[in-house]
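Novice:
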Amino acid sequence: MKSVLIRAYGSNDQVEFAEVARPVPEAGEILIKVDAAGVNPIDWKIRGGAGQRMGMTLPIRL
Numbered sequence: 014m015k016s017v018l019i020r021a022y023g024s025n026d027q028v029e030f031a032e033v034a035r036p037v038p039e040a041g042e043i044l045i046k047v048d049a050a051g052v053n054p055i056d057w058k059i060r061g062g063a064g065q066r067m068g069m070t071l072p073i074r075l
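The opening position of the sequence shown corresponds to residue 14 in this note's numbering, with each subsequent residue numbered one higher.
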């Protein structure tokens with residue numbers, strides 16, 4: 014499936030579009046298909062370094 018990855022904090026150059034393995038839902042979970050998604054201000058704030066201050070570990074998958 015398609016995904017957006019942040020492998021390092023910083024500029025827009027740190028955003029990577031990648032194919033990743035489709036997750037397998039566990040008991041009590043479902044998998045939904047998403048046709049389109051937007052970028053939320055928190056997404057670019059995380060890319061800019063807020064993720065590091067929040068204790069997120071890289072890479073981050075959006």
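Cβ atoms here follow ideal geometry from the backbone N, Cα and C, with glycine treated the same way.
To which residues of the same chain is Y22 closer than 6 Å at the C-beta, ignoring the five residues directly before and after it?
Specialist: The answer, listed in chain order, is G62, Q65.
Novice: Spatial neighbours of A31 within its chain, please: C-beta separation below 6 Å, excluding the five flanking residues on both sides.
Specialist: S16, L18, listed in sequence order.
Novice: Just the Cα atoms here: how many angstroms apart are L75 and G41?
Specialist: When rounded, the distance between both Cα atoms is 22 Å.
Novice: Can you give me the C-alpha to C-alpha distance between M14 and I43, rounded to a whole angstrom?
Specialist: Each residue's Cα considered, the two are about 16 Å apart.
Novice: In the segment 39-65, which residue ranges form an unbroken beta strand (DSSP E) of at least 3 residues, counting only runs that do not cross its ends?
Specialist: Complete beta strand (DSSP E) runs here, min 3: none at all.
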